[in-house]
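Each residue of the sequence shown is one higher than the one before, starting from 47 at the first, in the working numbering.
Beta carbons are placed, not taken as given, at the ideal position from N, Cα and C, and that holds for glycine.
Since this is a predicted model, take the numbers as computed values, not measurements.
Have a look at the structure below before the remarks.
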Amino acid sequence: PRIIHDLELEKFGLKAVPYGDLFSPTEDGRCLTTNDDDAATAKSIAQLSRKDAEAYPKFVEFHNKLAEYVRHLGTEVPPDPTASNFRDLTRTLSFSWRNLGMRTKLFDFVELMTQSAEEYLSRWFENDAVRALFAYQAGIGNFVGPHSRGSALACLYNMLTDHSYEVVRGHVIGGVGTVSKA
47 PRIIHDLELE KFGLKAVPYG DLFSPTEDGR CLTTNDDDAA TAKSIAQLSR
97 KDAEAYPKFV EFHNKLAEYV RHLGTEVPPD PTASNFRDLT RTLSFSWRNL
147 GMRTKLFDFV ELMTQSAEEY LSRWFENDAV RALFAYQAGI GNFVGPHSRG
197 SALACLYNML TDHSYEVVRG HVIGGVGTVS KA
């Protein structure tokens with residue numbers, strides 16, 4: 047969103063439509079829905095699992111905190127760990143000091159990067175239909191399945207949007223190539 051805002055890409059034709067709600071029917075005729083209303087999503091999950099409905103707000107909170115960390119890192123220039131001159135070493139120390147409070151989130155982030163969506167979602171939810179819904183969401187726009195290593199990171203993707211700009215979070219009209227054309 048920051049880049050879209052800074053480069054004024056919407057003035058050059060970039061348009062997006064919101065992701066919208068997800069709907070997932072179950073074999074027994076019920077359905078799950080997700081949307082931006084966390085309470086409504088938890089209520090939908092409760093049809094299948096009270097325990098999963100109780101876990102959902104914690105899942106969202108965890109992702110929001112981790113997304114904040116990832117957004118923060120996205121604005122930092124990483125230090126060169128192989129540099130040996132004094133100037134680069136002071137940059138590395140400065141970077142480390144600024145991010146000292148983030149170290150616990152770093153471990154969570156590394157774990158998320160290395161797990162499959164299936165492994166990761168199994169830690170949060172017990173119901174197969176609930177896990178399948180979030181695994182589907184993680185697979186949108188990716189060429190990996192829910193059992194692939196690293197696919198858990200996609201579970202975080204939708205939470206990375208920086209809402210400080212008035213930019214639609216969603217699917218780019220005309221496909222992702224439209225971004226470079228704008």
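Residue nearest to residue i in terms of C-alpha spacing, selected from the options
{"i": "residue 199", "options": "159, 190, 102", "result": "159"}
{"i": "residue 64", "options": "219, 143, 177, 100", "result": "219"}
{"i": "residue 117", "options": "130, 49, 131, 162", "result": "49"}
Straight-line Cα distance separating residue j from residue i
{"i": "residue 169", "j": "residue 221", "result": "34 Å"}
{"i": "residue 55", "j": "residue 228", "result": "6 Å"}
{"i": "residue 108", "j": "residue 76", "result": "28 Å"}
{"i": "residue 145", "j": "residue 104", "result": "24 Å"}
{"i": "residue 148", "j": "residue 73", "result": "42 Å"}
{"i": "residue 164", "j": "residue 157", "result": "13 Å"}
{"i": "residue 210", "j": "residue 51", "result": "Low confidence applies to residue 210: its pLDDT is 48, below 50, so where it sits in the model is not reliable, and the reading given next is rough at best. Approximately 10 Å, taken between the alpha carbons."}
{"i": "residue 111", "j": "residue 193", "result": "25 Å"}
{"i": "residue 224", "j": "residue 134", "result": "38 Å"}
{"i": "residue 183", "j": "residue 226", "result": "25 Å"}
Within 8 Å, strictly: CB atoms of residue i and residue j
{"i": "residue 67", "j": "residue 81", "result": "yes"}
{"i": "residue 175", "j": "residue 78", "result": "yes"}
{"i": "residue 202", "j": "residue 113", "result": "yes"}
{"i": "residue 151", "j": "residue 115", "result": "yes"}
{"i": "residue 173", "j": "residue 94", "result": "yes"}
{"i": "residue 70", "j": "residue 178", "result": "yes"}
{"i": "residue 102", "j": "residue 88", "result": "yes"}
{"i": "residue 84", "j": "residue 106", "result": "yes"}
Three-state class that DSSP yields for residue i in the structure shown
{"i": "residue 140", "result": "helix"}
{"i": "residue 62", "result": "strand"}
{"i": "residue 78", "result": "strand"}
{"i": "residue 95", "result": "coil"}
{"i": "residue 69", "result": "strand"}
{"i": "residue 218", "result": "strand"}
Does the contact criterion of 3 or more C-beta pairs under 8 Å hold for the region 108-126 versus the region 137-157? yes
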